[in-house]
Structure formats: structure tokens, C-alpha cells
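Below: one structure, written as C-alpha cells.
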Amino acid sequence: MMGKVLRDRRRKTRAYDNVTSFAVLAALLASAPALAQQQTPPNEPQDQTDTTATPADPGITGSTAAQPEASPTEVVVTGTRITTGFNAPTPTTVIGEDQLQKNAQPNIFNAIAQLPSLQGSTGASTGTFSTSSGTQGLSSFSLRGLGPIRTLTLLDGQRVVGANVTGVPDISMFPQLLVKRVDVVTGGASASYGSDAVGGVVNFITDTRFEGFKANVQGGITNYGDDEQVLVQGAYGTALLDDRLHLIVSGEFDHEGGVGAGNFGTDLAGGRNWYRATTLLNTGVTDNGLPQFNYRDYAQPYQYALYGLINNGPLQGIAFDQNGTPYNFNYGSGGTPTGTGRVTNCYPGNSFCVGGDLSGAPGSGASLKSELERLNGFGRIGFDFAEDNEVYLTVNVAQVKTSNQPSPGYNRPNLTVQCANAFLPQLVRDRCAAAGITQFNFGTSNGSFPDPLVRTDRRQYRFVGGLKGKFDIGGSDWTYDAYYEHGITMSDIDVDDIVLQNRYVAATNAITLNGAVVCADPAARAAGCQPINIFGGFAPSAAALAYITPENGPFQHTKLTQDVASLNFSGAPVELWAGPLSVAFGAEYRREYYRVRADPYGAGVMDVSPNSPEYPADPLLNADQGSNWAAGNYKNGSGKYDVYEGFLEVNLPLFDSPSIGRANLNAAGRGTHYSTSGTVWAWKVGGTWDTPLEGLRLRAVTSRDVRAPNLSELFAAPTVTTVPNFTDPFRNRAVQIFQNTIGNPDLKPEIARNTEVGIVLSRPSWLPGFSLSLDYYNIKLDGVVSTLSPDQIVRFCFEGNQAFCGGFELNSPVQGGNYVNVQPFNLASWKTSGFDIEASYQWTQPLGLPGSFTVRALGTHVREFLVNAGIAGVATVDQAGANTGATPDWKWLAVQTYENDRFSLTLQERWFSDGVFGNQYVVCVSDCPVSTGNNPTIDYNRMKGAFYLDIGGSYNVTKEVTTFFKVDNVFDHDPAPSPQTNTGLDVNPALYDTLGRIYRLGVRMRF
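Numbering (the numbering used here), first residue to last: -10 to 996.
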């Protein structure tokens, strides 16, 4: 019954959101007066469907239409490989240079990622809670919430070497000042562009014929005084030898100070006050008629304290202040210790109380945004060896460096301490004797320890040489495009101030020997062990820190290479009854390779990671398996694969008549052979119909798309992630585990079926300047490379599914021996569907004023996002509307701009709807059904959406110099809590703005 209540509630919520969303669109367009001007605006931003553009074609957005590229070939929009003009059936949104400038972001990734169809993209504000991911500061796009690995990102229609082993490129490394437009194809494009284009394609188009000099200098800061930003960009282009030789160079420097970590407890950086340690507290009871999970603020972990807490046995509840003085810990929920590790009135399922002393809680001690610095140098030389034919060479060298703090101190909830410890206060020793014990269990945040720092350094070298142009065969014009690309990425991750766990244990076990306090273990003493006092806020000595957190910490060095050779042709060989038959065909070879090397303490001692003076042998450490660090246990690995593919695309005109309109059929097929998984086929069939009704066009396309598993999924060195406070349902307690994620060389390509149907109204004479498009999409993805979470694996075993019981250990007697293995398989299937809406209106000389007023709105509605794990006993989960993820029910972006020859003013609204924590939950407060891993019970399941207002403007000092300003998140809207079941920072930066109001000011020059 409660499940039905939840579903009914969600239907009502979605119905309300639907009405609200259409009301928003109506309000945004209401200001567009009917029949305001009887002329077609030249720079109207809109949904783009034309394949080519000429100076007279207003289809391309912003400054692109006003300043068409004077290149040897047509301007090709990304929806197809055919270069002759026709309407492609795949929806393509185009963002022009003018719109990118008005957004005034230090990285144009941030501007593009605001599009509603882009869901789950990663940037400098995501991944900051992680030590081992290596994606900190990596800017990558995700269309439809399918993940960056299922969105193909191109630069001038060409692939770019990945920035890490997942194969996704980093937009921060692109020559951003030369980008004149960005095409976003919101549909499967594997038949045209190959693997990874399941969600669509994002193609950055640069100005390859730029002449003159232009520069951009801007700075920014938040209203909290952090994330200081400095961006300096410059580009120069010239033409020589009678306009046959074209030279372009550009350079960029961007520094973003980031938003650092707060302190222990609930203190965030810069005085931000929205963090409340919101957590889903686990009662550990599933069948008492009450909800298993309770939504609460100010969750207090009761297994440790800032400077130490005895958390089990007869002395449970004794904590230590900064001076080392014992006191009775202030438990929340009015709880009292039971002596068994539990606390009355609290939540044993994940070891939390509510309220009390939160000074040792580590959640707020993570960076909100990585500090980022990027350098980019780009050069292009092109020579027209004949009319409309060019040979060219491009070189792109870039570096992106980031740093972030994933957590403060060193959280250690489970340490065995001897009552004879030399640093233990006498009062506690006496209590030990009275209780008849010689040791006790101890938990501490090690608040006096230095905070870990993760530093990444990615360097990319990309070289492209190519030929492109036109030729004539039998009276028909053909174009060709051939290129070879070689890309190299060198990626380093270094971690400072991370604890070696076995050395920490040895250093905490202190005794008095010959009048001196020393480490109890003779082997540890011989290896340099220095004792530390963990009972209070006593900072370890320099020698002790050098022993437990050595100068040479975890590191990972990765080299990736990509080689691509591509040859494509396009032409119209035959004139048919309704127009030319257009074709495009080509072939491509690609080779992807990676190698990763890590330190011997994390990876284990082997030929490629031997002991050395920087990492000397230590009998206390696990030399065979590694994983000795508290976090950052990187592993060694390597792998490669080769790809051979060919494609054919055809556009067939069906009819062209004033009485019935104009229609075409577009079809493409691609065969691809992977050295790892064999041959796979992709195809698409679609068409458009320009109806006799003025400005009304119908379009539809269906496709079979593919994504081959990437180097990480196939060959990845195991990634080891430390998970504190992991719930052990067998003993109903929280433990610390290592999550071991490993590759699977037997993976096969994912297969998707993508269908889109749409209607477009484009600039009718009765409302010139107005455009509206509505598209329905449906994507079914099979053989998804995916994994279950560690919590799912353990819980399904606990509930009796023996298939999950062989890959974890939660009660190991060995230090650091608890683990859960996670490995990808082609088991899952996903299905998502929804609507895209785009509307725009441009009013020239509004109310008789000079200039123009433009309104544009884009929205995406996700009807469903069904995730089927493909495993018996695991229920399908609908992730649509789960605001803890990336796919809210509704997401909107609206822009209003007034501009004339002297100044411009822009308002921008970003909004997404209210949602839930997860649709798998059953909401109840009493008479609850039995709580299961598939459908756990919960007392509250609502997560507010957000509305953000941005304001920007510019002033033309001269024709060549423009000053501008931008204020993002004007109302300083705080993020909604995104509760977890552990001690992490409860926020979702993939959806919510976590930084606050940001001010930017700058100047642009063009000569």
C-alpha cells in the first residue's frame, strides 16, 4: 500500500511540475509581442537542423551567421557527415560565440553544461571528495544523464585524446578563444561518428580563418571572498601569399582559486552556513513496522571524536579534549553508551546519533571546488595549394593542474589501544584496572594531523595534419576531408599527508623503555617508528609525521596515446525528381593505448613498482598486495585496442512541391571492428518533412548506436577507494572497507536503440523572429557496462542471494583487510525517455528603441530513467526525478537579452524541479512493510529543486574594446541537502550550485 502511495505522490508531483514548466515557458514568451516586426532577424538563436549554412542562412546562431567562415568548404553542422544542404532529422542545438561571451565563464565548459539536455557533466566542482578517481577538475560532458563516456566530444569534427583512462577529453585543454560555435547533437550519432555517441555529440568548431588580434582578460570572486579567478586569453591570425597561407596562434592562462575545505563539524569555507550534516540514519531494523531509514540533520558519528573516543567495552564513552584530559562524551539523541559499541536511542545501522558533540565529524572538511590552473597553447598553419583545397597542421599543447582536500585529518573508527600505552592518562589506566581489561577499542578523527591534499597534473600534446577541399567528378561537386591525429596525455596524481595504516598502528602503540617513550614493536623501531600521542590534540613530531605520513606519498603516473587516421568524402552524384541524391562515405582507423605506474606501497612491490630510496622496504607493510595507504592506493596496469571502421550515409529527397511540401529520407550505416570484442554495426534512418503550412517541419529518426568499453573498463588497474562507516548488516555495525574496482577484458560493446520524433515551427510570416521546437526521445541501452555498489553487493548477500557472497570481507583480523570487490559486466540495461523544448523570439527595435530584444528558453523533461541491473533479485529503479543524481524531472534554461550598438544587458534563469532522494524508497511513518535492499523504507523522501538568476552586461568603449560584467547566482541560493548514509558532505554539485554568488568583470579586445 505504501509503495502505491509513493507512486501516486510522484505522479502528482510530476503533474504539478509539468504545469509549472509550461507556465514558465509561456511567461517567458509572453513578452514577445505578436507581429512586432515584419522582418527576419539575422542572428536568431534557435534549434539548428540545417546541415550547411551560408551568409544568407539565419539557421546558425549568433555571430556565426553574421560572420560566416571563409573556408574552402561549407560550414558543416554536426548532425550529419553530408555537406550538401538539407535538413537533418537529428536535433542539434547551436551555441554561438556571442552567447558564449555573454556567459562570461572562465571555462566555456561551464556555459555549455548549463543546457538542460546535458545532465551529469563533471567539472571543477565535482569529484572534490575523492582521492583516487583522478577526475578532479576534469571538464567533460554528459548528455541525457548517460555519463561522459557515452557522449562523444569532438574538436572541429575530430576526436581528441582522453584526459584519463575513461577516454573522455578535458574541455579545459581546448583552444577556447578560437571557438566560434558549439554544436550539441541530442541524439544517437554512432552511424555518423562512431563509438561513444550514444547520448549524442558535442562538437567545438574553431575559426580556422581568423585574422587579426583578439584578447580577453577577466577576473572573478565569490561573495565569500574565495575562488579568485584570473583568465587571460589572446589570439592572432594572419593571411599571406595572396590569402593562400593562413597562420593562427593562441594562448590561454586560467587560474581558479577554488573553494577550500571547512573545518571538522559543520563549518564550511568562507562562512557558508548551509551544511547541516544531513544523513539517512539506519535503524538496522527492517521488520518492526517503522521506517528503516530516518532523514535527520546534525548526524553525529558515535564511533569516534575529534581527539579520540573509547567506543566499546566498559570504558565506552570516555573522550579526550585537546589537552588530553578525559571527559564523558556528549552523545546526541539523549543516548548513553551500552558497553557493547552501541548507544541507546541512536542508530546502530550506520552508527549515528542526532545532535550532541559534532566537533569530530569530517563531512565539512572537503573542498567545494578544486583549485585549478590551466595553460593552453595552440597553433594552426593552412595552405591553399589550389582553389578550395587546403593542407593544414595544428598543434595543441595544454596543461591542467588541480588540487583538492578530500577529507580532514585521518578518520580512524577502529583502533585497538593497550591500557599500558605510555601516553594514556593515569585516570584511564586506573579505570582499565578497575574494569579488569588490558585493552579497548578506540576511534579518532586525528584532528591534530595535517589534512590530505590531492594534486593532479594533466599534460596533453595533440598534433593533427590533414587535407580538405573540393573536386569535381562528372559535373558533380564533391568534398573530401582527410586527417591524421596523434595525441598524448600524461597524467600524474600525487597525494600529500596520507597515513600509512600499519605504521600508524605501530606509532600509536607506545611504551616506556629505558625511560623513553618508544614504539612497542621492535621491528617498527628498527624501521624508524616514532611514537605519537593520540589522546588529545597533540601534534606529532616532525619525525613521527615523516614516519606515518612520509614525504613521498601515493602517486599514479598515466600515459595515454591516441592515433586516428580518417578519410571522408561527400557529394551529390545524381540529380533525382525532387533534388540531388547526396552521399557521404569514409573510413577510419583508431588506436588507443594506456599505461599506468604507481608507488609500491599502494600497488604492491613488483618489477614496475620496486622498492627504492623514496619507498624503502618495510616489514610492517604488505609488499605483495599493497593497499597500505589510508587512501590513494593506486595500481599498475596497461592495455590497448585497435578500431577499424567504415561508414556510408545517404540523403534521398522524396518530394518537393508547393502543394505537399518538401521531404527527405536520411540513412547511414557503420561497420566497426574492435580488436578486443569483434565487429559491431550501427545505423540510423530518419527524415524531415517541411509541410505546406508555413514554417512547420516534422522530423523523426531512429538509430542503433554503440559504445565500446573503454581502456579503464577493459584493462584498468584496480582502483582502491577507502569507504569509512560502511554498514555491515551481518553484525549491524559500521566498519571501514576498501572498495576494489577492477577491469574486465571480456566486456562487449553496449548497444543502444535511440528514437526521436519532433516538430519545428520556424519564423512564420505571421510571427517573424519566433521559433519553437518540441522533440520526444526514447533511448534503450542494453549490455550496459556497470557495477553494483558495495552496499548493494553486501546487502543482497545478507538477504540470501549467494551469488553476491564471494567478493567481500567485512570482519578481517588483518589490519586494513576489509574489502568489497567491484567489477563491471555487460549485465545492465537502461531506458530513458522524455521531451526537449526550445523556443526563441527576437524583436528588432523594441518599442521603437534601437537594437534588439531576444528571448530564448530551453527545457528538458525526463519522463523515466529506468536502470535494470540485470541480476536476479535486483529490482529496476527509476532514477528520473532523483535529485541526488543527474536527471531531475524538469530542467530549464532561459535567457533574455537587450543589445544595441553601445551596450547589452542579459538576464539568465536556471531552474530544475523538486525531486526525491530515490524512487526505490517506500515512504512511511508507521505500518511499514518489511524494508529490503530493493525497496528500503524511509520516513521522508523529498529534495527541493533550485532557481538561479544570473545577470550580465557589456559596454562598447570603442568598436574594438568592450568591457563586461557578470553576476551568477544573484540571490546566493544555497544547495539542498543530498543525504547519504555515511559521513560525507551531503551535497550534489552535479545539480546544485555549491559556491554561492560569483562576480566577474573583464574586457575584450578585437583588432
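We put the beta carbon where it would ideally sit given N, CA and C, even for glycine.
Would you list, in sequence order, the uninterrupted beta strand (DSSP E) runs of no fewer than 3 residues that lie entirely inside the segment 79 to 156? 140 to 144
Opposing strand residues paired with LEU549 [DSSP bridges]: Here residue 549 is taken as the residue at index 560 of the sequence shown, counted from 1. The partner list for LEU549 (beta bridge, DSSP) reads THR478, TYR583.
Backbone secondary structure at SER353 - three-state DSSP: The sequence position of residue 353 within the sequence shown is 364, counting from 1. If DSSP states are grouped into helix, strand and coil, SER353 belongs with the helices.
Nearest-angstrom Cα separation, counted from ALA705 out to ASP735: For the purposes of this step, residue 735 is taken as the residue at position 746 of the sequence shown. For the purposes of this step, residue 705 is taken as the residue at position 716 of the sequence shown. ASP735 and ALA705: Cα-Cα distance of roughly 12 Å.
Contact check, GLY591 vs VAL572 under 8 Å by CB: the rounded distance? Working through the sequence shown from its first residue, we reach residue 591 at position 602. Working through the sequence shown from its first residue, we reach residue 572 at position 583. Going by Cβ atoms, the distance from GLY591 to VAL572 rounds to 53 Å, so no, they are not a contact pair.
Return the Cβ separation of LEU364 and PHE242 in integer angstroms, given the expectation that the two are a contact with Cβ distance under 8 Å. Walking along the sequence shown from the start, residue 364 turns up at place 375. Walking along the sequence shown from the start, residue 242 turns up at place 253. Right, their Cβ atoms sit about 6 Å apart.
Nonlocal neighbours in the same chain, by C-beta distance under 7 Å from GLY302, ignoring five residues either side: Here the question's residue 302 lines up with position 313 in the sequence shown. Here the set comprises GLY328, ILE426, PHE429, ASN430.
Quick check on ASN491: does DSSP put it in helix, strand or coil? Position 502 of the sequence shown, counted from the first residue, corresponds to residue 491. Here ASN491 sits in helix by DSSP.
So, under 8 Å CB-CB, GLN289 and GLY240 are touching, yes? Tell me the CB distance rounded to an integer number of Å. Start at 1 with the first residue of the sequence shown, and residue 289 comes out as number 300. Start at 1 with the first residue of the sequence shown, and residue 240 comes out as number 251. Incorrect: roughly 51 Å between the Cβ atoms, too far for contact.
As assigned by DSSP and simplified to three states, the class of VAL783: Start at 1 with the first residue of the sequence shown, and residue 783 comes out as number 794. Here VAL783 sits in helix by DSSP.
CB-CB under 7 Å to LEU700, same chain, minus the five flanking residues each way: which ones, in chain order? In the sequence shown, counting from the first residue as 1, residue 700 sits at position 711. If we look at LEU700 and ignore the five residues flanking it on each side, its Cβ neighbours are VAL154, GLY156, GLU581, TYR583, GLY628.
From THR79 to LEU654, what does the alpha carbon distance come to, in whole angstroms? Numbered from 1 along the sequence shown, position 90 holds the residue referred to as residue 79. Numbered from 1 along the sequence shown, position 665 holds the residue referred to as residue 654. Between THR79 and LEU654, the C-alpha separation is close to 12 Å.
THR120 beta carbon near the ligand GTP (any heavy atom closer than 6 Å): Although the ligand GTP was asked about, the structure shown includes no ligands whatsoever.
Any 3 or more C-beta pairs closer than 8 Å across the segment 392 to 409 and the segment 440 to 456: yes
Pick out the complete beta strand (DSSP E) segments inside the segment 497 to 569, 3 residues or longer, and give them in chain order. 499 to 502, 505 to 508, 544 to 565
Do VAL674 and GLU745 have their C-beta atoms closer together than 7 Å? Residue numbering aside, residue 674 sits at position 685 when the sequence shown is read from its first letter. Residue numbering aside, residue 745 sits at position 756 when the sequence shown is read from its first letter. No, they are not a contact pair.
For ASP631 and ALA516, believed in contact at Cβ under 8 Å, the rounded distance: Translated into the one-based positions of the sequence shown, residue 516 becomes position 527. Translated into the one-based positions of the sequence shown, residue 631 becomes position 642. That belief does not hold up - the Cβ atoms of ALA516 and ASP631 are roughly 47 Å apart, past 8 Å.
How long is the line joining the alpha carbons of ILE782 and GLU798, rounded to whole angstroms? Within the sequence shown, residue 782 is the residue found at index 793, counting from 1. Within the sequence shown, residue 798 is the residue found at index 809, counting from 1. Using only the alpha carbons, I get a separation of about 11 Å.
Excluding five sequence neighbours on each side, which residues of the same chain lie with their C-beta closer than 7 Å to the C-beta of ASP1005? Because the chain is modelled from -10 through 996, residue 1005 falls outside the range shown and cannot be assessed.
Among THR72, GLY189, ASP957, GLY123, which residue has its Cα nearest to the Cα of THR710? Along the sequence shown, read from residue 1 onward, the residue named residue 710 stands at position 721. Out of THR72, GLY189, ASP957, GLY123, GLY123 has the C-alpha closest to the C-alpha of THR710.
Which ranges would you report for the alpha helix (DSSP H) in the segment 940 to 989 if only whole runs of at least 4 residues count? none
Runs of beta strand (DSSP E) wholly within the segment 321 to 350 (minimum 3 residues, chain order): 341 to 343
Would you give the residue range spanned by the beta strand (DSSP E) that PHE636 belongs to? If you number the sequence shown from 1, residue 636 lands on position 647. Its beta strand (DSSP E) spans residues 626 to 646.
Starting from GLN407, follow the beta strand (DSSP E) in both directions and report where the run begins and ends. What you label residue 407 is simply residue 418 of the sequence shown in a count that begins at 1. 401 to 407 is the extent of the beta strand (DSSP E) around GLN407.
Please identify the residue among ASN625, LEU750, ILE726 whose C-alpha is closest to the C-alpha of THR680. For the purposes of this step, residue 680 is taken as residue 691 along the sequence shown, with counting starting at 1. When each option's Cα is compared against that of THR680, the closest is LEU750.
Contacting residues, own chain, Cβ-Cβ under 8 Å from ILE210 (five flanking each side not counted): On the sequence shown, position 221 is the one that residue 210 refers to. ASP216, GLU217, GLN218, ILE987, TYR988, listed in sequence order.
Where do the ends of the alpha helix (DSSP H) carrying PHE253 lie? Translated into positions along the sequence shown, residue 253 becomes position 264. Counting along the chain, PHE253 falls outside any alpha helix (DSSP H), and DSSP gives it neither H nor E.
Relative to the C-alpha of TYR182, which residue among THR69, TYR929, ASP231, ASP613 is closest? The count along the sequence shown starts at 1 and reaches residue 182 at position 193. Closest by alpha carbon: THR69.
In three-state DSSP terms, what is ALA689? The sequence position of residue 689 within the sequence shown is 700, counting from 1. The answer is strand: DSSP assigns ALA689 an E or B state.
For ILE84 and VAL171, I'd like the C-alpha separation in whole angstroms. On the sequence shown, position 95 is the one that residue 84 refers to. On the sequence shown, position 182 is the one that residue 171 refers to. Between ILE84 and VAL171, the C-alpha separation is close to 5 Å.
Buried versus exposed, by CB contacts within 10 Å (16 or more), CYS335: As a first step, residue 335 is located in the sequence shown; it is residue number 346 there, counting from the start. Counting Cβ neighbours within 10 Å, CYS335 comes out buried, since at least 16 surround it.
Cα separation between PRO966 and GLY870? Along the sequence shown, one-based indexing puts residue 966 at 977. Along the sequence shown, one-based indexing puts residue 870 at 881. Cα to Cα, PRO966 sits roughly 15 Å from GLY870.
Which same chain residues, not among the five before or five after TYR490, have their C-beta less than 8 Å away from its C-beta? Position 501 of the sequence shown, counted from the start, is the residue given in the question as residue 490. According to the sequence shown, residue 490 is Gln rather than Tyr. Taken in chain order, the residues that qualify are ASN617, TRP618, ALA619, GLN804, GLY805.
Can you give me the Cβ contacts of GLN551 inside the same chain, cut-off strictly under 6 Å, excluding the 5 residues immediately before and after it? Taking the sequence shown and counting its residues from 1, the one referred to as residue 551 is at position 562. VAL150, GLY476, GLU581, listed in sequence order.
Take the Cβ of TYR937 as the centre, count every other Cβ of all protein chains shown within 10 Å, and call the residue buried at 16 or more, exposed below. Residue 937 sits at position 948 when you count from the first residue of the sequence shown. When all chains shown are included, TYR937 counts as buried.
Quick one: using the 10 Å Cβ neighbour count with 16 as the cut-off for buried, is THR314 buried or exposed? On the sequence shown, residue 314 is found 325 positions in, with the first residue counted as 1. So THR314 counts as exposed.
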